[in-house]
Amino acid sequence: MRKKEIRTVITFSTTTAAMKMEKTSKESGFSGRLIPIPSEISAECGLAWKCEKQSEEETEIFLQEKELAWDGIYRVLI
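Once you know that position 17 of the sequence shown is 17 in the UniProt record's numbering, the rest is easy, because the numbers rise by one and skip nothing.
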């Protein structure tokens, strides 16, 4: 069984915004992946981005620099 870790998770209002995050991250080398929304979080879109090791601050800076739309940034045990 995989050990759970605290990770930064980004939620989105739309699936389109989540898909744009995936595309931009791959192009920029920002590690992470799309996941279903963890049960601890609620959001309009059913997808979230799970960051590998980035902090909330690093993540927010990336989102702002790339002009991406997001709903919230959370630290979640997953």
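Positions of the beta carbon are idealized from the N, C-alpha and C atoms, including for glycine.
Candidates the options: closest to residue i by CA position
i: G72; options: E65, E60, K66; result: E60
i: V76; options: M1, V9, R2; result: V9
i: A17; options: C45, K4, F62; result: C45
i: W49; options: F62, G32, I6; result: G32
i: residue 90; options: E58, I78, L34; result: Residue coverage of the chain in this structure runs from 1 to 78, which leaves residue 90 outside it and unanswerable.
Proximal residues to residue i (C-beta, below 6 Å), its chain only, five neighbours per side dropped
i: A43; result: T11, I37, D71
Proximal residues to residue i (C-beta, below 8 Å), its chain only, five neighbours per side dropped
i: T24; result: F30, K66, L68
Three-state class that DSSP yields for residue i in the structure shown
i: I61; result: helix
i: T11; result: strand
i: K53; result: coil
i: A48; result: strand
Cβ shell of residue i (< 7 Å), same chain only, five flanking positions each side left out
i: K20; result: L68
i: E40; result: V76
CB contact flag (residue i, residue j, <9 Å)
i: S13; j: F62; result: no
i: C51; j: R7; result: yes
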